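Residue numbers (the UniProt record's numbering), protein chains in the order written: chain S, 1 to 148; chain D, 1 to 148.
The structure appears below as structure tokens.
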DNA sequence: TATCACGATACTTCATAAGTTACATGATCG
DNA sequence: CGATCATGTAACTTATGAAGTATCGTGATA
């Protein structure tokens, strides 16, 4: 199964936009992500609808952050992307009379629900500002390494 | 994304095999699951290699449980299927010099690792015998209902 | 008015679980 | 032995959804 990389990509973009003066065009973002500007617009559309970024047309247009990174969590972006499927595992069968099938699926669903709750709770606790800070620190570390 | 239903299906089959006297052919299993016998053989191959079932050719051949359900956990079957991807979410980017990308992906990976640990721990604690017992109980409940 | 950048549509590509076809191999029955 | 049954395997097709692409419309700016 091909993994959904939209969350990872959007987080990456949003953090870069903080340092970016003015607007970032879909083309520029696409180049940074190694993808296509249409894909960028399509994916960013959800973030715009939820008020995390704004888009402007025409000369000097492009994308800008609409809220500080302190106020955006990973969970916010996950939801803005439409809260896509978290798990690659699914439940099979559609026979409502088979109690075995039902017991299996209930058990799997419970385990997955529990894991999803944990995962989304963690997503909700991490802000993009914290990720940006972590990246800045790592950057300094690298810079320091280069001096030796 | 199309979910992977192999775990759900194999658990279902194994529990039914407990009550099944003698062998169950791939055809019979496929009919029960609403799928194709070749898919059954392909998927059961991993379980056979790990010693959870045996297969016999020729007249009267088919599949039989090789171990009691008490000794098989959901995790065992997950592993026997090759421990396929749990999450539909993936990490993007391959630029080792971008600390932002790295920070984003490390954070996502940590959250997913934590959730995966929880999920697999739960899988490891549930035996197929327990699922079978739950199904039998539900079956009785249904039977009782039918009497009134 | 020309250009720039997003918005939107319609399509193609890609990856992979799932489904299908076909045939080989081995075991059992008569 | 030979027919039949069932698994083993290989090769191919289908289904699904993220991702990629081409094209044109729309609005904003110089």
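C-beta atoms are modelled at their ideal positions from N, C-alpha and C, and glycine is treated no differently.
These numbers were taken from a predicted model, which means no experiment stands behind them.
Using CA coordinates, which residue listed in the options is at the minimum distance from residue i?
| i | options | result |
| --- | --- | --- |
| residue 51 of chain S | S/68, S/58 and S/39 | S/68 |
| residue 20 of chain D | D/84, D/38, D/63 and D/58 | D/63 |
| residue 136 of chain S | D/131, D/122, D/134 and D/100 | D/100 |
| residue 109 of chain D | D/92, D/17 and D/124 | D/92 |
| residue 106 of chain D | S/106, S/97, S/126 and S/116 | S/126 |
| residue 80 of chain S | S/24, S/18, S/42 and S/111 | S/42 |
| residue 33 of chain S | D/87, D/96 and D/23 | D/96 |
| residue 18 of chain S | S/88, S/49 and S/71 | S/71 |
| residue 22 of chain D | D/84, D/61 and D/98 | D/61 |
Expressed to the nearest angstrom, what Euclidean distance is found between the alpha-carbon atoms of residue i and residue j?
| i | j | result |
| --- | --- | --- |
| residue 78 of chain S | residue 8 of chain S | 10 Å |
| residue 47 of chain D | residue 128 of chain S | 43 Å |
| residue 119 of chain D | residue 82 of chain S | 23 Å |
| residue 144 of chain S | residue 138 of chain S | Annotation note: pLDDT 49 at residue 144 of chain S (below 50); position unreliable, coordinate value reported separately. Cα-Cα distance, rounded: 10 Å. |
| residue 146 of chain D | residue 134 of chain D | Because residue 146 of chain D carries a pLDDT of 45, less than 50, the predicted location of this residue cannot be relied on, and no value is offered for it. |
| residue 10 of chain S | residue 26 of chain D | 45 Å |
| residue 15 of chain S | residue 121 of chain D | 34 Å |
| residue 111 of chain D | residue 44 of chain S | 23 Å |
| residue 115 of chain D | residue 24 of chain D | 36 Å |
| residue 53 of chain S | residue 113 of chain D | 29 Å |
| residue 73 of chain S | residue 12 of chain D | 39 Å |
| residue 117 of chain S | residue 28 of chain D | 38 Å |
| residue 88 of chain D | residue 84 of chain S | 9 Å |
| residue 55 of chain D | residue 98 of chain D | 52 Å |
| residue 40 of chain D | residue 49 of chain S | 45 Å |
| residue 94 of chain S | residue 94 of chain D | 41 Å |
| residue 86 of chain S | residue 86 of chain D | 9 Å |
Any heavy atom of the ligand GTP closer than 7 Å to the CB of residue i?
| i | result |
| --- | --- |
| residue 134 of chain D | As presented, the structure is devoid of all ligands, the ligand GTP included, so that no description of it is given. |
By the 10 Å Cβ neighbour count, where 16 or more other Cβ atoms means buried, how is residue i classified, buried or exposed?
| i | result |
| --- | --- |
| residue 57 of chain D | exposed |
| residue 2 of chain S | exposed |
| residue 59 of chain S | exposed |
| residue 31 of chain S | exposed |
| residue 38 of chain S | exposed |
If residue i sits next to residue j, beta carbons under 8 Å apart, how far is it from one beta carbon to the other, in whole angstroms?
| i | j | result |
| --- | --- | --- |
| residue 90 of chain D | residue 5 of chain S | 5 Å |
| residue 131 of chain D | residue 103 of chain S | 5 Å |
| residue 184 of chain S | residue 75 of chain S | The structure shown does not extend to residue 184 of chain S, since chain S spans only 1 to 148, so no value can be given for it. |
For the region 10–30 of chain D, which residues have a CB atom closer than 7 Å to at least one CB atom of chain S, in sequence order? The region 10–30 of chain D vs chain S, Cβ under 7 Å: 11, 12, 15 and 16.
Interface residues of the region 73–90 of chain D facing chain S [CB-CB below 9 Å]: Cβ contacts with chain S: 74, 78, 84, 85, 86, 87, 88, 89 and 90.
Check each residue of the region 94–107 of chain D: if its Cβ is closer than 7 Å to any Cβ of chain S, include it; give the result in chain order. If the cut-off is 7 Å between Cβ atoms, the region 94–107 of chain D has 99, 100, 101, 102, 103, 104, 105 and 107 near chain S.
When Cβ atoms are compared, which residues of the region 45–59 of chain S fall closer than 9 Å to chain D? From the region 45–59 of chain S, no residue has a Cβ closer than 9 Å to chain D.
Taking Cβ-Cβ distances below 8 Å as the criterion, which residues of the region 31–44 of chain D are in contact with chain S? Going along the region 31–44 of chain D in chain order, one finds 33 and 34 with a Cβ nearer than 8 Å to chain S.
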